[in-house]
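The block underneath contains the structure these notes are about, expressed in structure tokens.
In structure tokens form, the structure reads like this:
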């Protein structure tokens, strides 16, 4: 578009000079002519106007191209960032899916640790519960024995829940052999026995005082 304005300006400029020369020649020869001093002036003004328009158009075109270039660069950066983010998520997902699951023994170790903590936390609560109920016992030794058995049953329920989880691990993700299951189930049973003995010892102490 700017090339068109330049060519028009060149043509008008030529017309301006030709007209001006003809005007001067006619004046020197004192000839009458339709060409007056206004004609080259008009051509000069029109040519100058075309030159200004061409400059403005070229400048706007340059600014537009610069904006397009910046926008294109910004879009490319955003696409690159998005691609890198997708690749990172994909890599993370693959790494996560590739992470091996816990072995049967590792799962049993975790269950043993969790349920050992539960049983040990329940023991003092059960002893406190027994002592509180024993205060209103009206059935003598038999009543105390029942209260003690009820509190031991609470620990037995926690132990049984843990052992059932170990059995599920053996059947679902284990080798199907009972060696690992038996070993860790026995360890949890030992914890239950030791903690339930504390409740029985408390019962014995209270029964002697009757």
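In my numbering, the protein residues as written are 12 to 221. Glycine residues also receive a C-beta, built at the ideal position from the N, C-alpha and C atoms.
Does the beta-carbon of residue i have 16 or more other beta-carbons within 10 angstroms, so that it is buried, or is it exposed?
i	result
residue 196	buried
residue 181	buried
residue 137	buried
residue 204	exposed
residue 199	buried
residue 174	buried
Between which residues of its own chain and residue i is the CB-CB distance below 6 Å, once the five residues before and five after are set aside?
i	result
residue 202	127 and 130
residue 216	none
residue 207	163 and 166
residue 110	With a pLDDT of only 45 at residue 110, under the threshold of 50, the placement of this residue in the model should not be trusted; the figure read from the coordinates follows. No residues qualify anywhere along the chain.
If I'm right that residue i touches residue j with Cβ under 8 Å, what's the distance once you round it to whole angstroms?
i	j	result
residue 176	residue 122	5 Å
residue 133	residue 169	6 Å
residue 184	residue 115	6 Å
Assign residue i to one of three DSSP states: helix, strand, or coil.
i	result
residue 109	Note that residue 109 has pLDDT 44, beneath the 50 cutoff, so the model's placement of it is unreliable and no number is given.
residue 217	helix
residue 189	coil
residue 142	helix
residue 133	helix
residue 153	helix
residue 147	coil
Residues in the same chain with beta-carbon distance under 7 Å from residue i, minus the five sequence neighbours each way, listed in chain order, please.
i	result
residue 106	Here the model assigns residue 106 a pLDDT of 43, short of 50, so the residue's position is not dependable and the matter cannot be decided.
residue 145	155, 158 and 217
Among residues of its own chain, excluding the 5 on either side of residue i, which ones have a beta-carbon nearer than 8 Å to its beta-carbon?
i	result
residue 214	141, 155, 156, 158 and 159
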